[in-house]
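Worksheet: one structure, shown below.
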Amino acid sequence: MKGEIKLDFIKSDTTGGHLCVSCKILDRDYILLIDTGASHTVFDSNLPASLFAEKNKESFSIEGFSEVSGATESATIKEIVFGKLYLKNLHVKLIDLSHINHVIGSNLPYPLAGMLGGDFLSIHKAKIDYSRNKIKLHL
């Protein structure tokens, strides 16, 4: 399935701003930042456990918005919906995103769930169209 998703730009006094998309997980609205410099897609480890189908312990390092390394968890999200597009069994890394929520959380219309990183953007052949505020994905 191929389609476009509306991009939003969240302004921040301290960081300038960030591209993001809205999504639904278990009928709850969330925001995902687009982080083209991050190696992995990460979700906030502080989200309700009910959002994740399974969790696994693993060790990894992440480069991008914030550098994280060490033992943490990965998880699977059964289904995530972007407008009219949906994706099943999204595998993500879990890290504490409290520091990011602290900086930009008050500017977001919904809670921050995580960041779509290079792994997701590459696999789904993402094309960002800045002039139209859209991201094209192959899900």
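Just so it is clear: in the sequence shown, position 27 is 342 by my numbering, and no numbers are missing. From the three backbone atoms N, C-alpha and C, an ideal C-beta is built for every residue, glycine too.
Residue burial classification, residue i (beta-carbon count within 10 angstroms, cutoff 16)
i: A390; result: buried
i: L337; result: The identity of residue 337 in the sequence shown is Ser, whereas the question assumes Leu. S337 is buried by the Cβ-count criterion.
i: I450; result: buried
i: I438; result: exposed
i: Y445; result: exposed
Helix, strand or coil at residue i [DSSP, three-state]
i: S365; result: helix
i: N448; result: coil
i: L348; result: strand
i: D323; result: strand
i: S354; result: coil
i: T387; result: strand
Nearest neighbour of residue i, chosen from the options [CA to CA]
i: D359; options: L452, V396, E388; result: E388
i: F435; options: K321, M316, V418, S354; result: S354
- Jot down the residue ranges of each uninterrupted beta strand (DSSP E) in the region 389-441, minimum 3 residues, whole runs only, in chain order. 400-410, 427-431
- Touch check for the region 357-367 and the region 399-411: three-plus C-beta pairs under 8 Å? yes
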